[in-house]
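Here's the structure we're looking at; comments come further down.
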Amino acid sequence: MFEAKLTEGLILKKIVESIKDIVTDVNIDISPSGISLQAMDSSHVALVSLNLSMDGFEHYRADTNMVLGVSIANLAKVMKLADNNDQITLQADQEATHLKIIFENPKTERTTEFNLNLITIDSEHLAIPETEYSSVVTINSGEFSKICKELFSLSETVQITTNTDYVQFSVEGEVGSGQVRLGHNDSEKKEDQTILEVSESVQQQFAIRYLNMFNKASTLSSFTRLCLHQEQPLVVEFKIDNLGVLKYFLAPKISD
Amino acid sequence: AKGQSSLAAFFTKK
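Now the structure itself:
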C-alpha cells in the first residue's frame, strides 16, 4: 500500500509540467523513503531525474518498493483538474492497476478524485557515474531562463564556458555572434547572486532547445545549478525546498 | 561541424 499527501499540491503540478515535454511514459519508483523517477527523452539526449523525500510530505506511507508506470501526458491532463491551492494525495494498492489521485481544497470543500490507469513500461535504468563536477554555477533561475530563451532566437546551439572569473554563454549563427557573460556576484540581494565554483574550466556546446524545456522547472526553484565537467553531460538542477531535487542531464554536442 | 552526442555514450545500463 502506498499513500502520500502533499499539502502544497501545486509543486507536483509544476513538476509534471516541467517534465511532460521531455518524457512520455515513465516508471515512478516508490520506496519507503520517497518517490523517484528516471527517464530519458526518445532521442536519448536528455534525461530527467526526480527525487522526492518522504520528509517533505504531510503524510507518507509505502510498505514496500513499487513501480508505477504512468503516461506523463495523461498525468498532466489529470493535474489540470487540480486547483493551485489544492492538496494532492496519491494512492496505490500493491499490484495496482491504477494510481488514485485526490485533489482537496480545505477552504472551498471541493474534492476531485481520478483513477489514472497504470501502464507497463519496459524502460532501462541508467547508471549515472558519481562525478566531481569541475564547474558548478548557481544562477537565478529566471535569469538563466531568459538568457536561454533569448539566445535561442539567435542560434540553436550555445557554448558554455566557465573559468574562475565568469561563466559565458556564447552563440554563433546566421544573425551574427555574441555572448552573455556573468561574473561571480555574491551581492546582498540573494536573488541577484551568481555563484561560481570552478576548479577546472569547462567549454562545451549544447542544444538550447533542451535547456528551454528544462527551464520550465524554474518556477520550482529560485536558483538553477549548472554542473559541468569537460567529459560529462551537463546537469541542470532545481532544488525543491524541503522536498527534493529535479535534475536534467543533457549530452553535449561534439565534433563530428 | 558539431553533432549531438547521446547519453548512452556516457552512462551505462544498469
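Protein sequences appear in the order of chains S and W.
Number 113 in our numbering belongs to position 123 of the first sequence; there are no gaps in the numbering.
Number 260 in our numbering belongs to position 7 of the second sequence; there are no gaps in the numbering.
Glycine residues also receive a C-beta, built at the ideal position from the N, C-alpha and C atoms.
| message | For S/M30, would you say it is in contact with chain W, using Cβ-to-Cβ distances shorter than 8 Å as the test? | response | At least one chain W Cβ lies under 8 Å of S/M30.
| Going by other Cβ atoms of all chains shown within 10 Å of its Cβ, with 16 needed for buried, is S/A63 buried or exposed? | exposed
| field | Identity of the residue in S/S32, S/F104 and S/G234 nearest W/A261 by Cα | value | S/S32
| task | Leaving aside the five residues before and after S/R51 along the sequence, list all residues of the same chain whose C-beta is less than 8 Å from its C-beta, in chain order. | result | M(-9), F(-8), E(-7) and A(-6)
| Neighbour list for S/K237 in chain W, Cβ cutoff strictly below 7 Å | Those do not exist, as S/K237 stays about 13 Å from chain W at its closest Cβ, beyond 7 Å.
| said: With a threshold of 8 Å between beta carbons, is S/V127 in contact with chain W? | reply: no
| said: I'd like the ranges of any beta strand (DSSP E) spanning at least 3 consecutive residues and lying wholly in the stretch 81 to 107 of chain S. | reply: 88 to 95 and 100 to 107, all fully within the stretch 81 to 107 of chain S.
| message | Is the beta carbon of S/V226 closer than 8 Å to that of S/L240? | response | Taking 8 Å as the cut-off, the Cβ atoms of S/L240 and S/V226 count as close.
| the stretch 114 to 125 of chain S: which residues have C-beta closer than 8 Å to a C-beta of chain W, in chain order? | E114, H115, L116, A117, I118 and P119
| message | Tell me the residue span of the beta strand (DSSP E) that contains S/I198. | response | Segment I198 to F204 is the alpha helix (DSSP H) holding S/I198; no beta strand (DSSP E) there.
| said: Residues of the stretch 5 to 29 of chain S in Cβ contact with chain W at a cutoff of 7 Å, in chain order, please. | reply: none
| Should the stretch 5 to 16 of chain S be called in touch with the stretch 29 to 45 of chain S, which here means at least 3 C-beta pairs below 8 Å? | yes
| Looking at S/G24 and S/D76, is the spacing between their C-beta atoms short of 8 Å? | no
| S/K243 touches chain W at which residues, Cβ-Cβ below 8 Å? | K255, G256, Q257 and S258
| request: Could you pull the start and end residues of the beta strand (DSSP E) that S/G59 belongs to? | output: M56 to S61
| In the DSSP assignment, what are the bridge partners of S/I18? | Looking at the DSSP output, S/I18 bridges to S/L27 and S/L58.
| said: Relative to the C-alpha of S/S212, which candidate in S/Y200, S/V235, S/P223 and S/S245 has its C-alpha closest? | reply: S/V235
| request: Measuring only between beta-carbons, confirm whether S/Y37 sits less than 8 Å from chain W. | output: Checking the sequence, you will find Leu at residue 37 of chain S rather than Tyr. Answer yes: the Cβ-Cβ gap between S/L37 and chain W drops below 8 Å somewhere.
| Any idea what DSSP makes of S/F159, helix, strand or coil? | strand
| message | Between S/I230, S/F142 and S/T214, which has its C-alpha nearest S/S167's C-alpha? | response | The shortest C-alpha separation from S/S167 is found at S/F142.
| Quick one: is the Cβ of S/L65 within less than 7 Å of any heavy atom of the ligand ATP? | Although the ligand ATP was asked about, the structure shown includes no ligands whatsoever.
| message | I want to see whether chain W comes within less than 8 Å of S/Q193, judged by CB atoms only; does it? | response | Taking CB atoms only, S/Q193 has no neighbour in chain W less than 8 Å away.
| field | Contacts around S/T154, its chain only, beta-carbon distance under 6 Å, and the 5 residues preceding and following it disregarded | value | V188
| query | By the criterion of Cβ-Cβ separation under 7 Å, what are the contact partners of S/P223 in chain W? | reply | L260 and F263
| query | Between which two residues does the alpha helix (DSSP H) carrying S/V6 extend? | reply | L0 to I9
| S/E114 versus W/F263: straight-line alpha-carbon distance, rounded | 15 Å
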